[in-house]
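Peer 1: Each residue of the sequence shown is one higher than the last, beginning at 1 in full-length UniProt numbering.
Every residue gets a Cβ at the ideal spot worked out from N, C-alpha and C, and that includes glycine.
I have a structure here, written as structure tokens, and I will follow up with some questions on it.
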Amino acid sequence: MGTNDFGHELVGISPFHADGTLRGFVISGRWPNTTKEWAQLLVLAVRVATMPGLLPTTTVFGAREELPDDPEPGTVGLVLAEGPVLGECAVSPGRFAVHQPPALLMLHPPSETRPSLPECVGAASGCLLLPGIPHLGLEHRAAWVETEADGTVTSMISRVGVDPISHPDTAVLAMLLAA
């Protein structure tokens, strides 16, 4: 934690796992408040997803403004693994229709990422959807990131005014939000 050069409190991000599987991230200091800061959080999450075996399959994570048991000082919330995209335990459509999280992430392990460059074998990727309320003029925002195991960011795109059905990852995340 701490502050940046402008005196603003930094966003702290700490991954955590259980039984060798990535279960989420503890957010401290403050929540990201811009698309850029959320994209930076996604970069860190995708870097973690490159670690062999930590993320067995494509998984959805949801931001929650609740604290873990016995939180460290400065903890503001969690980004928790909600479940895989496919399979018997897959996250079901409409899962977040009643209580919409401020952000949803989808992380793809290296085994389920087609790298953007042939020399980037072993890269992981991810997508972030910041749901808007279009009928109130609040646009959907999104970011997509690909990183290599050494931390190199090989692709990063962020957009405001995203039509969720325009990309497969945002379409899946939007489906989880739809009632």
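Around the Cβ of H140, are there at least 16 other Cβ atoms within 10 angstroms (buried) or fewer (exposed)?
Peer 2: Stepping through the sequence shown from its first residue, residue 140 is reached at position 140. Answer is buried; the Cβ neighbour count reaches 16.
Peer 1: Just how far apart, CA to CA, sit L128 and V162?
Peer 2: Here residue 128 corresponds to residue number 128 of the sequence shown, with the count starting at 1. Here residue 162 corresponds to residue number 162 of the sequence shown, with the count starting at 1. Distance between the alpha carbons of L128 and V162: 11 Å.
Peer 1: For the candidate residues T35, L80, A174, L22, whose alpha-carbon lies nearest to that of L56?
Peer 2: Taking the first residue of the sequence shown as 1, we reach residue 56 at position 56. The residue you asked about is not Leu; residue 56 is Pro in the sequence shown. With distances taken between Cα atoms, P56 lies closest to L22.
Peer 1: Verify the CB distance criterion: does P84 have a CB-CB separation below 7 Å to chain C?
Peer 2: This model lacks chain C altogether, as it is built from one protein chain only.
Peer 1: If you run the structure through DSSP and keep just helix, strand and coil, what is W38?
Peer 2: For the purposes of this step, residue 38 is taken as the residue at position 38 of the sequence shown. Helix.
Peer 1: Measure the beta-carbon distance from A124 to A49 and round it to whole angstroms, keeping in mind my assumption that it falls under 8 Å.
Peer 2: Against the sequence shown, residue 124 aligns to sequence position 124. Against the sequence shown, residue 49 aligns to sequence position 49. Between A49 and A124 the Cβ distance is about 4 Å, and since that is below 8 Å, they are a contact.
Peer 1: Return the residue from the list S166, V11, L54, G20 that minimises the CA-CA distance to A143.
Peer 2: By one-based count along the sequence shown, residue 143 stands at place 143. Selected option, being the one with the closest Cα: S166.
Peer 1: Cutting at 6 Å between CB atoms, please list the residues of its own chain near P84, excluding the five before and the five after it.
Peer 2: On the sequence shown, residue 84 is found 84 positions in, with the first residue counted as 1. If we look at P84 and ignore the five residues flanking it on each side, its Cβ neighbours are T57, T59, A90.
Peer 1: Any idea if L104 is buried or exposed, counting beta-carbon neighbours within 10 angstroms, 16 or more meaning buried?
Peer 2: As a first step, residue 104 is located in the sequence shown; it is residue number 104 there, counting from the start. When all chains shown are included, L104 counts as buried.
Peer 1: Does the distance between the C-beta of T170 and the nearest non-hydrogen atom of the ligand PLP fall short of 6 Å?
Peer 2: The ligand PLP is not part of the structure shown, which contains no ligands of any sort.
Peer 1: So the candidates are L86, S111, A81, E65; which of them puts its Cα closest to the Cα of F16?
Peer 2: Start at 1 with the first residue of the sequence shown, and residue 16 comes out as number 16. F16 has its Cα closest to that of A81, out of L86, S111, A81, E65.
Peer 1: Counting only the same chain and skipping the five closest in sequence on each side, list residues whose C-beta sits under 8 Å from that of P68.
Peer 2: Position 68 of the sequence shown, counted from the start, is the residue given in the question as residue 68. Excluding residues within five positions, the ones whose Cβ falls inside 8 Å are V26, T75, L78.
Peer 1: Measure the C-alpha to C-alpha separation of L173 and L130 and round it to an integer number of angstroms.
Peer 2: Taking the sequence shown and counting its residues from 1, one reaches residue 173 at position 173. Taking the sequence shown and counting its residues from 1, one reaches residue 130 at position 130. Cα-Cα distance, rounded: 10 Å.
Peer 1: List the endpoints of the continuous beta strand (DSSP E) containing A142.
Peer 2: Taking the first residue of the sequence shown as 1, we reach residue 142 at position 142. Segment 141-147, the beta strand (DSSP E) holding A142.
Peer 1: Between the Cα of S116 and those of L42, V153, A97, spot the shortest distance and give me the residue it belongs to.
Peer 2: Counted from its first residue, the sequence shown places residue 116 at position 116. Ranking L42, V153, A97 by Cα distance to S116 puts V153 first.
Peer 1: Mapping DSSP to helix, strand and coil, what is L10?
Peer 2: For the purposes of this step, residue 10 is identified with residue 10 of the sequence shown, where counting begins at 1. It is coil, neither helix nor strand.
Peer 1: Closest to M51 by C-alpha separation, out of L176, M175, D150, would be which residue?
Peer 2: Stepping through the sequence shown from its first residue, residue 51 is reached at position 51. Closest by alpha carbon: D150.
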